[in-house]
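Novice:
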Amino acid sequence: MFCLPFSRGCYLANFYYVRKKILTMTIRNLLNIILKVIGILFIRDVLALLPQLLSSFIFFNNVDQFHDGTLAIALTAIMILVYVFVARTFIFKTEMVLNALRLDHDFEEEKVAVQMHRSTILSISIIVIGGLMVAEGLPKLCQSIYDYNQVERYSYGEIRLDRSKIYTSVATVFLGILLMALQQKLVNLIELKRK
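Numbering (the numbering used here), first residue to last: 157 to 351.
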């Protein structure tokens with residue numbers, strides 16, 4: 157029976173086709189998703205390094221620490237570049253990674269029964285990563301605020317207070333919340349680059 161795609165009479169046939177397509181996934185596709193999730197974890201680490209890079213500029217307030225500030229900025233920038241390269245490779249060039257490392261060659265089964273679409277798995281992983289960032293950053297933020305108040309209370313203005321840990325913790329929590337809020341746009345971007 158011939159029918160137009162997604163017409164009323166062919167709804168059941170189209171549903172069965174889509175459902176069957178989602179249910180079977182090859183090992184290669186599963187590894188592709190896993191590599192993308194690892195790439196997203198590297199993006200999380202890049203986002204966590206950005207506040208560290210910004211807090212390195214504090215060293216430039218003192219002329220004696222200029223060399224330390226330059227070294228801290230250079231090392232952090234190199235780490236960010238390496239993480240961005242690895243994240244970009246894992247997210248947008250997963251086929252190249254799969255071929256280079258031959259990850260899908262030693263499996264006996266060709267297909268795996270998975271009842272979720274690739275975008276659903278990516279959405280869940282982005283939400284989990286954002287949640288982990290919030291769960292990691294919130295206790296650090298509370299501890300940093302507590303330490304800052306203790307030093308301020310007992311130093312009587314003799315010690316210059318460092319707020320960089322507070323800023324870093326706030327940025328980590330904010331970026332985690334932002335990841336969770338914008339997860340669908342990130343998944344669309346990843347899926348768009350895949351095609």
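Don't be surprised by glycine CBs; every beta carbon is placed ideally from N, CA and C.
If you draw a straight line from the C-alpha of Arg-319 to the C-alpha of Tyr-304, how long is it?
Specialist: Answer to the nearest angstrom: the Cα atoms are 7 Å apart.
Novice: Would you check if the distance between the CB atom of Leu-331 and the CB atom of Leu-203 is smaller than 9 Å?
Specialist: Yes, Cβ-Cβ distance for Leu-331 and Leu-203 is below 9 Å.
Novice: With three or more beta-carbon pairs closer than 8 Å as the criterion, would you say the region 237 to 254 touches the region 282 to 294?
Specialist: Taking 8 Å as the limit for Cβ pairs, the verdict is that the region 282 to 294 does not touch the region 237 to 254.
Novice: Would you mind stating whether Gly-287 and Leu-334 have Cβ atoms separated by less than 9 Å?
Specialist: No, Cβ-Cβ distance for Gly-287 and Leu-334 is not below 9 Å.
Novice: Can you give me the C-alpha to C-alpha distance between Ser-211 and Met-336, rounded to a whole angstrom?
Specialist: Ser-211 and Met-336: Cα-Cα distance of roughly 25 Å.
Novice: Classify Phe-213: buried if its beta carbon has 16 or more other beta carbons within 10 angstroms, exposed otherwise.
Specialist: Exposed: under 16 other Cβ atoms inside 10 Å.
Novice: Compare the beta carbon distance of Leu-206 and Ile-282 with 9 Å and say whether it is the shorter of the two.
Specialist: Result no, Cβ atoms of Leu-206 and Ile-282 do not sit closer than 9 Å.
Novice: Mark Ser-300 as exposed unless 16 or more other C-beta atoms lie within 10 angstroms of its C-beta, in which case mark it buried.
Specialist: Result: buried.
Novice: Rounded to whole angstroms, what is the Cα-Cα separation between Leu-278 and Asp-220?
Specialist: Those two C-alpha atoms are separated by around 47 Å.
Novice: What do you get for Tyr-239, buried or exposed, if any count of 16 or more other CB atoms within 10 angstroms of its CB means buried?
Specialist: Looking at its Cβ environment, which holds 16 or more other Cβ atoms inside 10 Å, Tyr-239 is buried.
Novice: Could you give the distance in angstroms between the alpha-carbon of Ser-325 and the alpha-carbon of Met-289?
Specialist: Roughly 10 Å separates the two Cα atoms.
Novice: Which partner residues of Lys-267 appear in the DSSP bridge assignment?
Specialist: Thr-182.
Novice: Which parts of the region 265 to 341 are runs of the beta strand (DSSP E), unbroken and 3 residues or longer, counting only runs that do not cross its ends?
Specialist: Counting whole runs of 3 or more residues, the region 265 to 341 contains the beta strand (DSSP E) stretches 267 to 269.
Novice: Can you tell me where the alpha helix (DSSP H) with Leu-254 in it begins and where it stops?
Specialist: Where Leu-254 is concerned, the enclosing alpha helix (DSSP H) stretches over 250 to 257.
Novice: For Asn-344, name the three-state secondary structure that DSSP assigns.
Specialist: Looking at Asn-344 - three-state DSSP - the assignment turns out to be helix.
Novice: What separation, rounded to the nearest whole angstrom, lies between the Cα atoms of Phe-216 and Ile-183?
Specialist: Straight-line Cα distance between these residues: approximately 51 Å.
Novice: Can Ala-233 and Gly-195 be called in contact, C-beta distance under 9 Å?
Specialist: In this structure, Gly-195 does not lie closer than 9 Å to Ala-233 by Cβ.
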